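S.K.:
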Amino acid sequence: MNQGKCKPRVLISIHDVMPETMTEVGELIELCQRSGHSAVALLIVPGQPWTDSDLNQIRRWGQAGCELAGHGWHHRCQSVRGLKHRIHSLLLSRQVAEHLCLSASEIETLMGRCSAWFAERQLPLPNLYVPPAWALGTITALQLARLPFRLVETLSGVVRVEGTVKRLRMPLLGFEADSSVRRRLLRVFNEMNYRYARSRWNTSAVGIPAPVRISIHPFDHRLRLRDDLCRVLDIPWKSIRYSDLLGSTKDRIRSTIG
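Numbering of the sequence shown is given in my numbering, commencing with residue 106 and proceeding in unit increments.
Here you go:
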């Protein structure tokens, strides 16, 4: 793909949509819209004290073009299990990697409960599920295939569940820098991912490159990488919806089976 002929594609998501973050989520939606992005996924945490007013606001955002997605249940972990979970918690997730506290059957139950929550409240049923901190845990491909979600996002990309399970590798940019250490780490991480994405845009042999993912958390526009976030949103992307990744043959992206 030649960058001069076609805009690079981007998937934008706002994480941790809960009753206590509704104000910040609204501000971030407006920030994205000012940069020309209406295709924004809202990652909703069902197991919270939602009010009718909150749910009506979610419906309005959905009617305005936002894509709804499931995002765990409580968005917190009751305990840290094992060395891998401890390292993950220290470097990335802190205490929110909910799936890492659960067995495979418990994860399957949680994801099913998450999907049912949308139906019970007459909200659009989401195609996308994003585990908190992108930590999917021990759930198997067979279990994923039994669930209603057709897309599951992880740290490395998006798993597409349509008969078979395919892993679509996608660069990720994040901005949740609430300390100087996390700011430095995220800048290095973002620079590596952005350079990789640019190398793909300028190489015609790769076909249509995978979209870049921009992951936004509720307070990122007030934290240490707020200027970086605004600059990235102002890049002339073509924003697409996660559901655009489903069932496409005409506009198929390069993928790696995992």
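The C-beta atom is built at its ideal place from N, Cα and C for all residues, glycine as well. Quick caveat, the model's predicted, so the values are computed rather than measured.
Hey, which unbroken runs of the alpha helix (DSSP H) at 4 residues or more fall wholly within the region 318-357?
M.R.: 331-338
S.K.: Do the CB positions of Leu133 and Ile149 come within less than 8 Å of each other?
M.R.: no
S.K.: Counting along the chain, where does the beta strand (DSSP E) carrying Val257 start and finish?
M.R.: 256-258
S.K.: Just to confirm my understanding: we take Ile192, look at its own chain, exclude 5 residues before and 5 after, and list those with CB closer than 6 Å. What are they?
M.R.: Only weak support exists for where Ile192 lies, its pLDDT of 48 falling under 50; the value from the coordinates is given anyway. None.
S.K.: Just tell me which of Val270, Asp283, Pro236 has its CA closest to the CA of Ala250.
M.R.: Its Cα nearest to that of Ala250, the residue Val270 stands out among Val270, Asp283, Pro236.
S.K.: I'd like to check one pair, Cys219 with Pro151: are the Cβ atoms closer than 8 Å?
M.R.: yes
S.K.: Applying the 10 Å Cβ sphere with the 16-neighbour rule, what's the burial state of Gly352?
M.R.: Gly352 is classed as exposed because its beta carbon has fewer than 16 other beta carbons within 10 Å across all chains shown.
S.K.: Cutting at 8 Å between CB atoms, please list the residues of its own chain near Ser208, excluding the five before and the five after it.
M.R.: Thr243
S.K.: If you draw a straight line from the alpha carbon of Val235 to that of Ser140, how long is it in whole angstroms?
M.R.: 24 Å
S.K.: If you measure between the beta carbons of Met127 and Gln153, is that distance less than 8 Å?
M.R.: no
S.K.: Could you check what DSSP says for Asn232 in three-state terms: helix, strand or coil?
M.R.: coil
S.K.: Going by CA-CA distance only, name the one from Leu256, Arg303, Leu252, Asp283 that's closest to Pro276.
M.R.: Arg303
S.K.: Which residues in the same chain have their Cβ closer than 8 Å to the Cβ of His142, if we skip the five residues on either side of it in sequence?
M.R.: Val115, Ile117, Leu338, Trp342, Ser344
S.K.: Taking the straight line between their C-alpha atoms, what separation do you get for Ala332 and Glu296?
M.R.: According to the sequence provided, residue 332 is Asp. The question's Ala does not apply to it. Each residue's CA atom was taken as its position, placing Asp332 and Glu296 some 15 Å apart.
S.K.: Round the Cβ separation of Arg255 and Val263 to the nearest angstrom and send it over; I've been treating them as touching at under 8 Å.
M.R.: At roughly 10 Å, the Cβ-Cβ gap does not stay under 8 Å, so Arg255 and Val263 are not in contact.
S.K.: In three-state terms, what does DSSP make of Ile119?
M.R.: strand
S.K.: Count the other CB atoms within 10 Å of the CB of Leu247; is the residue buried (16 or more) or exposed (fewer)?
M.R.: exposed
S.K.: Cα separation between Val286 and Gly217?
M.R.: 37 Å
S.K.: Cα separation between Arg165 and Ala221?
M.R.: 20 Å
S.K.: How long is the line joining the alpha carbons of Arg346 and Ala146, rounded to whole angstroms?
M.R.: 7 Å
S.K.: Leaving out five residues on either side along the sequence, give the residues of the same chain with a beta carbon under 7 Å from the beta carbon of Glu129.
M.R.: Pro323, Phe324
S.K.: So within the region 244-305, which uninterrupted beta strand (DSSP E) runs reach at least 3 residues, ignoring any that extend past its ends?
M.R.: 256-258, 262-267, 269-274, 277-279
S.K.: Helix, strand or coil, according to DSSP, for Ile149 in the structure here?
M.R.: Judged by DSSP in its simplified three-state form, Ile149 adopts strand.
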